[in-house]
Each structure stands twice: as C-alpha cells, then as structure tokens.
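Okay, so the sequence shown: first residue is 636 according to the numbering used here, each after it adds one.
Note that CB positions come from ideal geometry on N, CA and C, so glycine has one too.
All figures in this text were calculated on a predicted structure; none of them were measured in a lab.
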Amino acid sequence: MRVLLCLSAYKPALDYGGPVTKVALLAPALQELGVDVEIATANFGERRAPVPPGRRMVDGVPVTYLRRVVTRNWLSVAPGSRRVLRSDFDVVHCFGLRDGMVSAAAFGARRVGIPLVLEPMGMAVPRIRNAGIKQAFDRLAQSAVHGATATIATSELEAGELRSLGYQNVVVRPNPIALVLTMAPRPDAIYDICYIGRLHTKKRLNDIVSALAAHPAWTAVIAGPDEDGTAAVLASAASKAGVERRLTLKGWVHEDERDALIRSSRVFVLPSATENFGNAAAEAIALGTPVVVTDQCGVAELVRQTNFGAVVPVKTDAVVAAIEGVLNGRAAGEFDALARYAPAAVAAQQKAIYELVTKATTRSS
636 MRVLLCLSAY KPALDYGGPV TKVALLAPAL QELGVDVEIA TANFGERRAP VPPGRRMVDG
696 VPVTYLRRVV TRNWLSVAPG SRRVLRSDFD VVHCFGLRDG MVSAAAFGAR RVGIPLVLEP
756 MGMAVPRIRN AGIKQAFDRL AQSAVHGATA TIATSELEAG ELRSLGYQNV VVRPNPIALV
816 LTMAPRPDAI YDICYIGRLH TKKRLNDIVS ALAAHPAWTA VIAGPDEDGT AAVLASAASK
876 AGVERRLTLK GWVHEDERDA LIRSSRVFVL PSATENFGNA AAEAIALGTP VVVTDQCGVA
936 ELVRQTNFGA VVPVKTDAVV AAIEGVLNGR AAGEFDALAR YAPAAVAAQQ KAIYELVTKA
996 TTRSS
C-alpha cells in the first residue's frame, strides 16, 4: 500500500508544533507495518525560514519539499502540490484545512480518484481569528473536504464537532505520543506550574497569571512560539499583578529542553478554550507530571482514563482551584490507558483505516 501524507510544514520546522510531531511519529511507525509512506510539504524550516525545495529522506521517509510562493503565517500556496500526486498512490492523507498546498492536494486526489483521508486537526470550526475568511474558504473547499472517504478526529469531542458540521465517515484515532513513561526519581521541582505549546489567545494563559496572583509562593514557566502577541499580553498582566518575578516566559524550546521543563514542574496546565487534542498534556502524563486541562480539550479523555490530574470547566476560578488541588494532593495515575497512544498502536489503527477506505473505493467504483 502506497500512501501520501500532505501537511503544511514538516521537519525541520519543529516550531510548527503538534502536526510535525504527529506525522514524525506516525510515518516511520506505518513503514514498520509495511505501508509505503511518502510526505509532501511546503519548504518551511525553523522559524518559517525556507529550506531548499526537492525530495530527500528524513528519518528514513521520503519527503518532497515544495517551493511556496505565497505565505501567511504557516499557511502557503505551493503550486507543485498536485504534481506530487501519482496514480500509484493508494491513499492521500491530508492534515489540516484552509491551506493552499494541502487543499490543492485534496482536490487533486479527488480529481484522479485516489481515496482521500482528511484530518482537520481542530481546524474545522472557524474560531477566534478571521472567522469570516475561514468560512468563505470552507465554502470553496466544501466539495473536497466533505467528500473525503474518511475524516479523522483525534478525540470524541472533535468527532462530535465534525459530525455536527456535516462531515461524513468520521473515525476517532488518537494522536501518537512518544511514550517515555517514567516514574524515576524526579529532579527537585524548579517550577510549580508549566505550560508548553503555542502562545495564542485561545489558550487562555492568563489563567496561569491569575493562579500566581492567588498563591504568592507559586512559580510558573510558559514556553512556546508566540503567534499573536500573547507573550507581551502575559508580561503586561504579570507586571500589573505583581508576579512578573515568578513567571518565566520562554520562546520555542527543543524537545530535550521541553521534556526537562515538564519533569522539573509540579503540574502541567492546559487551560484552553478549545483544543482538538493537546499532545503536550499527554506527553506530560507520560513523563510523570500530573496535568490540569479544561473539558474543551480532547486530551481530557486521557486525563480521566489515567486519573492523573484534573479536568475542569473553562473558567479561571475552576482552573486555579484544580491546580491547588493537584499541588496539595497526590496524583496516583493508572497508566495502562497510555498504551493505545503508542506510535505502533496508532499506526496499526491508521493502517486499518487506509485498508477500509481503499476497499470502500473499490466497491463504489
């Protein structure tokens, strides 16, 4: 079976966040199961710097980097995306929505009759910014995305949203997590609270500032790429609350530093207004750090399954109270639930989805 994976950015653009990590774990695991995988992406490097276009091997997987001609943030138009499609691909799997390159690949797959697997990654509902533009794009792309042979949600929360929007053949498949589960002796905690991920309004990171203001002994670290000026907003809020010396703001950090920060913190907090999954919180659990997440995060399912933290409503008071409860109590996790998020397990589920869509296409043709 030959499968093309299409996404807006890939290694070395690790600061693009979860999608890169997801595909970097999924693609080699699929290869181990005998799936012939290729990746097509725009030629983003770290901090959106361009990398040379062309085809090369990355971690044993062939990757085609397409020259982008129009770019806005991480979105791009790469005219060569349709040319990557070949009739010998059995499935095209597109990650994301409203990206010119990914959308062209989706339309191209439909045009030549290759089964399309769509993974919106939480982008299906136009939220927060430029909702009108996103809705206009959706109307143009509706025939491709709503006609996908399968649509993948990474949680039951996201699956419900997709079905309510009219997406067909929705299948729930979790995000893969690099399982390094360890309850080995931990370093002395440097921070009480940790958040690592994109800095964005929807993450509601002011809740962490509120937690520091309510508890004068607590410290926190927030790390990740700033997408909309949130870092300056947080710095200003911390200064006004008188907690700026207890809040450390970092930019994007590499995986090793990310893991070290998580392990040196007493609780990981994800107070988002919306999150299709939330890989960083799952990784925190695997690293032995309890988490507090809102009930609008797909990863809340895992938190409940492992009993390693708290799930709360999207309310500042509830988030602060949950942090206090975790820091004052003992989190006794039940980690068997993590096994289904191992890359090999997720890849096996993904391979089964590919097999189903190819059979369905054969029957309907």
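- Of the residues Met692, Ala783 and Glu990, the one whose Cα lies closest to the Cα of Phe730 is Ala783.
- Within a 10 Å sphere around the beta-carbon of Met692 sit fewer than 16 other beta-carbons, which makes this residue exposed.
- Counting only the Cα atoms, Pro647 lies some 31 angstroms from Glu791.
- A straight-line Cα-Cα distance of about 18 angstroms links Leu840 and Leu962.
- Counting only runs of 4+ residues, the alpha helix (DSSP H) found wholly inside the stretch 912-966 occupies 914-921, 935-941 and 951-963, in chain order.
- Per DSSP, reduced to three states, the secondary structure at Lys994 is helical.
- Along the length of the stretch 788-814, whole alpha helix (DSSP H) runs at least 4 residues long occupy 791-799, reported in chain order.
- Pairwise C-beta distances place the stretch 874-894 out of contact with the stretch 795-803, as fewer than three of them are shorter than 8 angstroms.
- Sorting Ala848, Asp894 and Ala659 by C-alpha distance to the C-alpha of Ala858 places Asp894 at the top.
- A straight line joining the alpha-carbon of Ile828 with that of Val934 spans about 18 angstroms.
- The count of Cβ pairs closer than 8 angstroms, one atom from the stretch 735-743 and one from the stretch 882-899, stays below three, leaving the stretches out of contact.
- In the structure shown, Lys875 falls within a helical segment according to DSSP collapsed to helix, strand and coil.
- By the neighbour-count definition (other C-beta atoms within 10 Å, threshold 16), Gly748 is an exposed residue.
- For Leu639, the uninterrupted beta strand (DSSP E) segment begins and ends at Arg637 to Leu642.
- Annotated three-state conformation of Lys646 is coil, per DSSP.
- Taking the CA atoms as reference points, Tyr826 sits about 43 angstroms from Val638.
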